[in-house]
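Residue numbers (our numbering): 1115 to 1390.
Here it is as structure tokens:
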């Protein structure tokens, strides 16, 4: 029996892309010189950075590189592992969540302009801390599903280019030409459970074209049938991938509990918007 979301399955998925003549690029490399048949490997390091280091070693062993976005929080931040991943030839980026962060710390009401101002200062502080460890050229938002603040909204008022940042996937990729896959919800069709990690302008189109996959094995079959587009960004959350052990079981149980809660939250917010 084949089990998904194991490191062995991850290796098979990478091999599937290699066997079907895909190149691999970091996000920054793609922005500078995009290849025609390419997978942009993105990793959102929300927690368990040791899992990300294992991913990085697997990729390094087969000669490919990915982008790893670190949150500035204890569960996802390990300075030694950040440096090790960078030394293996991978890109390090900042997984920012500054609006949702500062709102948690504020003890009294502040208007949106004050929140944005505090958020920008926090962004600069955390980015500086990460750059003291490794070079950082790109950023990517953390969805913060329990917060009512979308961290991307920081850039409605400010410019991340002012901090020598060259790209943010949700702003700097053309998703009409780049197919987006994410393991949100510990499945590849988990966009229904995602609060913010979705591409609303394209998701309906991809679904109509049959570009919806539940498991990694479905993706491998699609690769072998040559039905995937030539340009793809894949987002992995490495804490969801483990050896077949107690951690794998815990993550399976946790996601099966979490997904219905997120689905209910999405529908509650949708109904609230309709009412107001």
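Backbone N, C-alpha and C define an ideal beta-carbon position, used for all residues, glycine too.
| Asked | Found |
| --- | --- |
| Per-residue burial, residue 1122 [other beta carbons within 10 Å of its own, 16 or more giving buried] | exposed |
| Per DSSP, cross-strand counterpart(s) of residue 1341 | In DSSP, residue 1341 forms no bridge with anything. |
| Segments assigned alpha helix (DSSP H), at least 4 residues, entirely inside the segment 1260–1302 | 1283–1286 |
| The segment 1228–1247 in contact with the segment 1259–1278 per 3-pair CB rule at 8 Å | yes |
| Touching by the beta-carbon criterion (3+ pairs, under 8 Å), the segment 1142–1160 and the segment 1325–1337 | no |
| Reduced DSSP secondary structure (H/G/I, E/B, other) of residue 1140 | coil |
| Where residue 1225 falls: helix, strand or coil (DSSP) | coil |
| C-beta contact flag for residue 1181 and residue 1252 at 8 Å | yes |
| Alpha carbon of residue 1323 to alpha carbon of residue 1243, nearest angstrom | 43 Å |
| Where residue 1128 sits in the DSSP three-state scheme | helix |
| Residue 1379 (DSSP reduced to helix, strand or coil) | In this prediction, residue 1379 has a pLDDT of 45, which is less than 50 and means its spatial position is unreliable; what the coordinates show is noted afterwards. In this structure, residue 1379 counts as helix in the three-state DSSP scheme. |
| Own chain partners of residue 1144 with C-beta closer than 6 Å, once the 5 adjacent residues on each side are dropped | 1154 |
| Whether residue 1268 touches residue 1227 by CB criterion (8 Å) | no |
| Member of 1295, 1276, 1316 and 1338 whose CA lies at the smallest distance from the CA of residue 1351 | 1295 |
| One or two residues paired with residue 1184 in a DSSP bridge | 1159 and 1208 |
| Cut-off 7 Å between Cβ atoms - residues of its own chain near residue 1174, not counting five sequence neighbours on either side | 1202 and 1203 |
| Extent of the continuous alpha helix (DSSP H) to which residue 1178 belongs | Segment: none, residue 1178 is in no alpha helix (DSSP H) and carries neither H nor E. |
| C-alpha distance - residue 1176 paired with residue 1219, whole-angstrom precision | 43 Å |
| Collapsed DSSP secondary structure at residue 1134 in the structure displayed | coil |
| Residue burial classification, residue 1285 (beta-carbon count within 10 angstroms, cutoff 16) | exposed |
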